[in-house]
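Structure first, then comments.
Here you go:
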């Protein structure tokens, strides 16, 4: 009990003695975590959106004439031979028209002057859920264009490609901010502890002469790093959550955020970022302790 | 009371200890010495005779160039760093240069010695008050040590060394800055520790007034060589040679 009380009291003493530097350190840790978590949050949401778009992927083959019922199995066979698919749906002109009417809902009257035959028939090909490779999608599109009466294939691969490129770019940004986070946190904590050690040099020397154990001298410094990591990460994540809440409430309604179903980190990921922050700062402390304190 | 060397085991034993500082300054040469449990031992000699070196060697602040040093029967060169720290908790050391934190109060400076042993705050305060009363410093308890006179600082350093009721107290020139009245207080503190706690006290000094009348053992260091003090009884030479 006394041991713990001493460690905590000594940590408090260290923090008080170098409070100016401690505040700066806390700010740096907070900003580093905020920066990293911000990009990671966007990246995380893009990944989720990308997965959802992949799930909804379908290739539509527009035909210049309807495929007679008796020829459909042969076409289905050709498609299956090229690659496994989840399902194949043949859409007639009438069916396409009725779908459009349903989609237009109250504005379906605009279709009154158009006949039910104005839309082209099509084949909807739903690839397996695991088909996310844009090259394969493109190859699939090229093959579908060779089917009898195929006029055009719509796969949305161009849009997916751009989305993928953006996600890849974001991945690089997240990695860079992660590296920045690691460097800045370990450096700043290590530097702060160095200042603590320098400011207490005389006291540490006397403690050593009085028989202070390694734990008595090192644990408060380690605890100082852990505390900085915990507080800095909590504040950084808290600030991001505040920003997220503010953004979602301010930009609610139809828009970009709703399109992607923008969400905050799940609790386990939040805890993981927090723990990573604590671990990095503790690592920085350990590095400093080993380097600057010999007992 | 002087101890009987024939029956007691030595608390500190030095066997043929030599200490040479680089490049070739011989501080101690071939020194052999036994200090017995419960003994008050005076080590005299001129400045630079090697008294401080001997004290530093006993608590392993220095390591000997040659020879063996045992404390409580253990070769201290073989004790682990953690073991040395535990050993230092039981050895009180009053340094010649005091080594106080001048921005901290008398209470805080003395408390440090007990805090490293995780003593309770209540016990620390009680002990500090007791020691300050013994050294006539009660009114200085909450003063910063930087504001005290040299003599007062010296007594604070002694109080810190005595705080844990050490089994061995090493005092390096403990009366160097004290007037006769304060010197008397320090001698009384040593007696108190020796009689109440059974502490072994080693006093390195060139202040004749504190050992002139003593019945305890006095030995002299001269140019790194240890010998019985020239003005002491032959019995002490026997103890040295035992």
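Chains as they are written, first to last, in the numbering used here: chain A, 3 to 297; chain B, 643 to 884. C-beta: ideal position from N, C-alpha, C; glycine also. In this text the structure is predicted, and so the values were computed from the model without any measurement.
{"Item": "Below-9 Å beta-carbon distance, residue 223 (chain A) vs any chain B residue", "Value": "no"}
{"Item": "Reference residue 708 (chain B), options B:852, B:676, B:678 and B:657, closest by Cα", "Value": "B:657"}
{"Item": "Residues of its chain near residue 190 (chain A), where Cβ-Cβ distance is below 6 Å and the 5 sequence neighbours each way are ignored", "Value": "27 and 30"}
{"Item": "Host alpha helix (DSSP H) of residue 280 (chain A) (start-end)", "Value": "269-294"}
{"Item": "Sequence-distant residues of the same chain with beta carbon closer than 7 Å to residue 663 (chain B), five excluded per side", "Value": "669"}
{"Item": "Length of the line joining the Cα atoms of residue 103 (chain A) and residue 80 (chain A)", "Value": "32 Å"}
{"Item": "Expected contact under 8 Å - CB spacing of residue 227 (chain A) and residue 195 (chain A) to nearest Å", "Value": "6 Å"}
{"Item": "Beta-carbon spacing of residue 125 (chain A), residue 91 (chain A) below 9 Å", "Value": "yes"}
{"Item": "Range covered by the alpha helix (DSSP H) that runs through residue 753 (chain B)", "Value": "748-757"}
{"Item": "Cβ shell of residue 67 (chain A) (< 6 Å), same chain only, five flanking positions each side left out", "Value": "151"}
{"Item": "The stretch 187-212 of chain A: positions lying closer than 7 Å to chain B by Cβ", "Value": "204, 205, 208, 209, 211 and 212"}
{"Item": "Chain B within 9 Å of residue 294 (chain A), Cβ atoms only", "Value": "no"}
{"Item": "Contacts around residue 869 (chain B), its chain only, beta-carbon distance under 6 Å, and the 5 residues preceding and following it disregarded", "Value": "862"}
{"Item": "Close Cβ partners of residue 731 (chain B) (< 7 Å) along its chain, the five nearest in sequence each way excluded", "Value": "758, 759 and 806"}
{"Item": "Three-way DSSP call (helix, strand, coil) for residue 648 (chain B) in this model", "Value": "Because the pLDDT of residue 648 (chain B) is 48, which lies under 50, any placement of that residue in the model is unreliable, and the number read from its coordinates should be weighed accordingly. Three-state DSSP puts residue 648 (chain B) in coil, outside helix and strand."}
{"Item": "Beta-carbon proximity list for residue 753 (chain B), same chain, < 7 Å, skipping 5 on both sides", "Value": "766 and 770"}
{"Item": "Cβ-Cβ distance between residue 686 (chain B) and residue 672 (chain B) below 9 Å", "Value": "no"}
{"Item": "Chain B contact residues for residue 215 (chain A), given Cβ-Cβ distances below 8 Å", "Value": "724, 727, 728 and 758"}
{"Item": "Neighbour flag for residue 246 (chain A) against chain B, beta carbons, 9 Å", "Value": "no"}
{"Item": "Span of the beta strand (DSSP E), counted from its first residue to its last, around residue 64 (chain A)", "Value": "61-65"}
{"Item": "Residue 128 (chain A) - DSSP class collapsed to helix/strand/coil", "Value": "strand"}
{"Item": "Extent of the continuous alpha helix (DSSP H) to which residue 216 (chain A) belongs", "Value": "216-252"}
{"Item": "Residue interval of the beta strand (DSSP E) (run including residue 734 (chain B))", "Value": "733-736"}
{"Item": "Run of the alpha helix (DSSP H) containing residue 5 (chain A), from where it starts to where it stops", "Value": "4-19"}
{"Item": "Where residue 762 (chain B) meets chain A, residues with beta-carbon distance less than 8 Å", "Value": "4"}
{"Item": "Straight-line gap, residue 237 (chain A) to residue 694 (chain B) (C-alpha atoms, nearest Å)", "Value": "53 Å"}
{"Item": "Pair within 9 Å by beta-carbon distance, residue 810 (chain B) and residue 842 (chain B)", "Value": "yes"}
{"Item": "Reduced DSSP category for residue 92 (chain A) - H, G, I as helix; E, B as strand; rest coil", "Value": "strand"}
{"Item": "Stretch pair the stretch 165-178 of chain A + the stretch 213-225 of chain A: three plus CB contacts closer than 8 Å", "Value": "no"}
{"Item": "Per DSSP, the bridge partner or partners of residue 867 (chain B)", "Value": "B:864"}
{"Item": "Per-residue DSSP class, three states only, for residue 784 (chain B)", "Value": "coil"}
{"Item": "Within chain A, the residues that residue 735 (chain B) reaches when beta carbons sit closer than 9 Å", "Value": "211 and 212"}
{"Item": "Proximity test, Cβ basis, 9 Å: residue 693 (chain B) and chain A", "Value": "no"}
{"Item": "Sufficient close CB pairs (3 or more, under 8 Å) joining the stretch 95-112 of chain A to the stretch 71-80 of chain A", "Value": "no"}
{"Item": "Bridge-paired residues (DSSP) for residue 156 (chain A)", "Value": "A:62"}
{"Item": "Three or more C-beta pairs below 8 Å linking the stretch 699-706 of chain B and the stretch 771-782 of chain B", "Value": "no"}
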